[in-house]
Amino acid sequence: MTEPHRPTLDEIAEARLRLAPHLARTPLVRLDLGFPDRTIFLKLETLSPIGAFKLRPALNALLSRDRSALSKGVAVTSSGNMAYGMAWAARRAGVPMVAYMYRGAPQTKIDGVRSLGGEVRFVSAQTWWDYIVGADRPAAPELLINPVTDQAVLAGNGSIGVEIVEDLPGVDVVLTPYGGGSMTTGVASAVKAVSRRVRVFAVEDDSADPVGAALAAGKIVTVETRPSFIKSIGGPSLVPQLWPVARELIDGAIAISPAEVADAMRLLFRKAKVVAEGAGAASLAAAIARPDLTGNIVCVISGGNIDAEAYSVVLGGGIPAA
67 MTEPHRPTLD EIAEARLRLA PHLARTPLVR LDLGFPDRTI FLKLETLSPI GAFKLRPALN
127 ALLSRDRSAL SKGVAVTSSG NMAYGMAWAA RRAGVPMVAY MYRGAPQTKI DGVRSLGGEV
187 RFVSAQTWWD YIVGADRPAA PELLINPVTD QAVLAGNGSI GVEIVEDLPG VDVVLTPYGG
247 GSMTTGVASA VKAVSRRVRV FAVEDDSADP VGAALAAGKI VTVETRPSFI KSIGGPSLVP
307 QLWPVARELI DGAIAISPAE VADAMRLLFR KAKVVAEGAG AASLAAAIAR PDLTGNIVCV
367 ISGGNIDAEA YSVVLGGGIP AA
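Read in order, the letters of the sequence shown correspond to residues 67 to 388 in my numbering.
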């Protein structure tokens, strides 16, 4: 596996050119919560054609490849949104697509892949992780694109950061959900290349918070996890190839509870009419939980692909089952 590096502004600019014919710019909107010392803005990646930010990295990764490399199709390992994004990108490019997913991924994302002509191959959670960290790879002919460490993935995510600083030059803090870390790394690379004063925080579920643990220990550690309805963020450990890059870019980690995330999901619906999945609302939950973060705060609302049954539980005031 090629070691990733911090994407440059040139790499991100090239990604934006590739994406521009296919994707509209997502809006940055103010959420008025009446705080006296902080103004919260929402970067609404929920308005992507697949309802999540992952279309940017998937499409850039696909379009940056030589066509001959895609002759057998493309494959990706994903818990949901990256698979959905790659299926959309592959359909647009006219190439076959395969997603390696584990059972328990949100059904709406599995259905999204299949509706776009993608094939879903279920693997165990351990095999899924081994594919991501490069400990193993599927014995299949498709071009396997790593959803975390691929350089074009990082550059595609960097396009989010560039849009943020263009729309809000006075941004002080950016909060991003941290799963594999590719979004946080890409966004932080962009905003910090433009303004060194901007602070970027990784947001994770306190049911599985390996970023905070790694920062405290000064190295990657394995943490105990608890079941949570929040998908796509958290886990027992970190992707070792990306962590050295991410660690140099983030200013800290914020762990929030499933209850706080559910509250943020309800707030997004009530105040902004935005449907967000758990990971998508995590950044807003973090902004509310940390009153010491002041100024202009941007929360990346990363996705809105949540199963209807789980979302109805949230809107009813509950916390969905893990």
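Backbone N, C-alpha and C define an ideal beta-carbon position, used for all residues, glycine too. Remember, it's a predicted structure, so these values are computed and weren't measured experimentally.
Proximity winner among the options, relative to residue i (alpha-carbon distances)
i, options, result
"Gly247", "Asp238, Arg262 and Pro213", "Pro213"
"Ala355", "Glu343, Asn371 and Pro324", "Pro324"
"Pro70", "Val366, Val260 and Thr215", "Thr215"
"Ala319", "Glu290, Val277, Ser294 and Val305", "Val277"
"Asp196", "Leu350, Val305, Asn371 and Ala374", "Val305"
"Val186", "Ala205, Ser145, Leu315 and Ile363", "Ser145"
"Leu350", "Pro73, Val95 and Arg91", "Val95"
"Ser181", "Ile116, Asp272 and Asn362", "Ile116"
"Glu290", "Ser134, Ser273 and Ala282", "Ser273"
"Gly184", "Met163, Thr193 and Trp194", "Met163"
"Pro93", "Arg313, Asp233 and Ser261", "Asp233"
"Leu99", "Glu375, Arg313, Pro357 and Leu210", "Pro357"
"Ile176", "Arg203, Thr143, Arg332 and Pro204", "Thr143"
"Val366", "Phe119, Pro73, Arg72 and Ala376", "Phe119"
Buried/exposed call for residue i, threshold 16 Cβ in 10 Å
i, result
"Lys138", "exposed"
"Glu111", "buried"
"Leu359", "buried"
"Glu208", "buried"
"Ala353", "buried"
"Leu392", "Here the chain has residues from 67 to 388 only, and residue 392 is not among them."
"Pro102", "exposed"
"Ala347", "buried"
"Glu77", "buried"
"Pro293", "exposed"
"Arg82", "buried"
"Gly384", "exposed"
"Asp271", "buried"
"Leu128", "buried"
"Ala135", "exposed"
Cβ separation of residue i and residue j, assumed to be a contact under 8 Å, to the nearest whole Å
i, j, result
"Val179", "Ala165", "5 Å"
"Ala280", "Gly252", "The pair is not a contact, with the Cβ atoms about 19 Å apart (cut-off 8 Å)."
"Ala149", "Met167", "6 Å"
"Val140", "Met152", "7 Å"
"Gly245", "Ala124", "Going by Cβ atoms, the distance from Gly245 to Ala124 rounds to 14 Å, so no, they are not a contact pair."
"Ala218", "Asn147", "Not really, about 17 Å apart at Cβ, beyond 8 Å."
"Met249", "Ser368", "7 Å"
"Val257", "Val231", "5 Å"
"Ala254", "Val269", "Contact doesn't hold; Cβ gap of about 13 Å is too wide."
"Asp373", "Thr174", "5 Å"
"Ala342", "Asp275", "Their Cβ separation, rounded to whole angstroms, is 20 Å, which puts Ala342 and Asp275 out of contact at 8 Å."
"Arg158", "Ser130", "With 8 Å as the limit, Arg158 and Ser130 do not qualify as a contact, their Cβ atoms being about 14 Å apart."
"Thr105", "Asn362", "5 Å"
"Val364", "Phe107", "5 Å"
"Leu75", "Ala259", "5 Å"
"Phe295", "Ala206", "The pair is not a contact, with the Cβ atoms about 31 Å apart (cut-off 8 Å)."
TODO: Determine, using beta-carbon pairs with one atom in the stretch 306-316 and one in the stretch 333-343, whether at least three such pairs fall under 8 Å.
DONE: Inter-segment contact for the stretch 306-316 and the stretch 333-343 is absent: fewer than three beta-carbon pairs are separated by less than 8 Å.
Open item on the list: Under 8 Å: do the stretch 327-334 and the stretch 365-385 share three or more Cβ pairs, one atom per stretch?
Closed with: Because the criterion of three Cβ pairs below 8 Å is met, the stretch 327-334 and the stretch 365-385 touch.
Task: Contact the stretch 214-229 vs the stretch 277-291: 3+ CB pairs below 8 Å - done: No: fewer than three Cβ pairs fall under 8 Å.
TODO: At 4 residues or longer, and completely inside the stretch 202-251: list those alpha helix (DSSP H) runs for me, N to C.
DONE: Runs of the alpha helix (DSSP H) inside the stretch 202-251: 217-233.
Task: the stretch 227-242 in contact with the stretch 294-303 per 3-pair CB rule at 8 Å - done: No contact exists between the stretch 227-242 and the stretch 294-303.
- [ ] Could I get the ranges of all uninterrupted alpha helix (DSSP H) runs contained in the stretch 67-119, with 4 residues as the minimum, in chain order?
- [x] Restricting attention to alpha helix (DSSP H) runs no shorter than 4 residues, the stretch 67-119 encloses them at 75-85, ordered along the chain.
Open item on the list: Quick check on the DSSP output: what are the complete alpha helix (DSSP H) runs of length 4 or more inside the stretch 303-351, in order along the chain?
Closed with: With a minimum length of 4 residues, the continuous alpha helix (DSSP H) runs that stay inside the stretch 303-351 are 309-315 and 324-333.
Task: Length-filtered (3 minimum) beta strand (DSSP E) runs lying within the stretch 356-380 - done: Entirely contained in the stretch 356-380, the beta strand (DSSP E) runs reaching 3 residues are, in chain order, 361-367.
Task: Runs of alpha helix (DSSP H) lying entirely within the stretch 153-185, each at least 4 residues, in chain order - done: Listed in chain order, they are 173-181.
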